[in-house]
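**Q** In our numbering, the protein residues as written are 46 to 309.
Even glycine gets a Cβ: it sits at the ideal position worked out from N, Cα and C.
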Ligand SMILES: [Zn+2]
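The following block contains the structure:
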């Protein structure tokens, strides 16, 4: 198996932030299907940078491909404040995507809650920066040692908290329970934003790692999930790999072809 790293340079919003917002509201209606249709004048939308692929303060790390899985699992989960499950959720996650920022790949999740006519405490706390960080609760089966791959609770390696010391990989991720807005998160650099457009957050890149066997000249067809039909530019990190996008019956695919080696 040869590992190929593809980059999807997204841009779901080549047009205005308003169009992006309309597309997000559309997504609430199709994904969450609220009894009362979501409209620009009845919901607030914010996004949060929740987790990344760096080693966190617990010594844990997500595999890049598991971040893609988390993007799917996180949709339609509740948003709480301070992991307090005794209280009713305040908002709901309806969309997530990956974004390359600095030296990390981040999961950015989008959540919404109803606009209230009166003073909106949540909006006030989020936009004033009081509720600034976020945190995720999820279920996984095994903390896999980064050195030997065994359960780090049983193997001889001592847990550190950096790439060059032993850390653990979250293995067997099966469910996201909730995300929380918190005063202090355990992942460094998490934050909540009102920048919903990818254009506003310049430099968005979704990196997609594809494991596939590529024979010279043959084309591999990889299904991908795209949140909408807008333009996506494809770029491969490897010169000999050609990429293009195809749509069939409303489903999106990437066609990957390795140029036949030239024999001079
Ligand atoms: Zn180990």
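Given the structure, does residue 193 come close to ligand 1, in the sense that its CB is under 8 Å from one of the ligand's heavy atoms?
**A** The answer is yes for residue 193.
**Q** With distances taken between CB atoms, is the gap from residue 287 to residue 101 smaller than 9 Å?
**A** No, they are not a contact pair.
**Q** Measuring straight from C-alpha to C-alpha, what distance separates residue 226 and residue 104?
**A** Distance between the alpha carbons of residue 226 and residue 104: 21 Å.
**Q** Ignore the nearest five residues each way along the sequence and tell me which others in residue 266's own chain have a CB closer than 7 Å to its CB.
**A** Once the five neighbours on either side are set aside, the close Cβ partners of residue 266 are 298 and 300.
**Q** Out of curiosity, what's the CA-to-CA distance linking residue 149 and residue 108?
**A** Looking at the two C-alpha atoms, the distance is approximately 12 Å.
**Q** Ligand 1 and residue 212: does the residue's C-beta get closer than 8 Å to at least one heavy atom of that ligand?
**A** Because no heavy atom of ligand 1 lies under 8 Å away, the Cβ of residue 212 does not count as near it: no.
**Q** Taking a contact to mean a Cβ-Cβ separation below 9 Å, would you say residue 106 touches residue 214 in this structure?
**A** Their beta carbons are under 9 Å apart, which means residue 106 touches residue 214 by this criterion.
**Q** Go through its chain and collect everything with a Cβ distance to residue 170's Cβ below 7 Å, but skip five positions before and after it.
**A** Around residue 170: 176.
**Q** Whose CA, out of 173, 137, 89 and 186, lies closest to the CA of residue 77?
**A** When only C-alpha atoms are compared, the closest one is 137.
**Q** Who does residue 154 pair with in a DSSP beta bridge?
**A** According to DSSP, residue 154 bridges with 93 and 141.
**Q** Which residues in the same chain have their Cβ closer than 6 Å to the Cβ of residue 153, if we skip the five residues on either side of it in sequence?
**A** The residues are 92, 94, 142 and 144.
**Q** Taking DSSP as the reference, what is the three-state secondary structure of residue 99?
**A** Residue state, collapsed to three classes: coil.
**Q** Sorry if obvious, but does the Cβ on residue 103 come closer than 8 Å to a heavy atom of ligand 1?
**A** For ligand 1, not one heavy atom lies less than 8 Å from the Cβ of residue 103.
**Q** Does the distance from the CB of residue 157 to the CB of residue 64 come in under 9 Å?
**A** For residue 157 and residue 64, no; Cβs fall outside 9 Å.
**Q** Tell me whether residue 247 is buried or exposed, calling it buried when 16 or more other Cβ atoms sit within 10 Å of its Cβ.
**A** Confidence in residue 247 is poor, its pLDDT being 39 and thus under 50, which makes the residue's placement unreliable; the coordinate value appears in the next sentence. Answer is exposed; the Cβ neighbour count stays below 16.
**Q** Considering only residues of the same chain and omitting the five flanking positions on each side of residue 85, which have a CB-CB separation below 8 Å?
**A** Result list for residue 85: 66, 67 and 70, in chain order.
**Q** Please confirm whether any heavy atom of ligand 1 lies closer than 8 Å to the CB of residue 201.
**A** Answer for residue 201: yes, Cβ within range of ligand 1.
**Q** Indicate the three-state DSSP secondary structure (helix, strand or coil) for residue 241 in the structure shown.
**A** Here residue 241 sits in coil by DSSP.
**Q** Is residue 2 near ligand 1 - that is, is its Cβ less than 8 Å away from at least one heavy atom of it?
**A** It is not possible to answer for residue 2, since the shown part of the chain is limited to 46 through 309.
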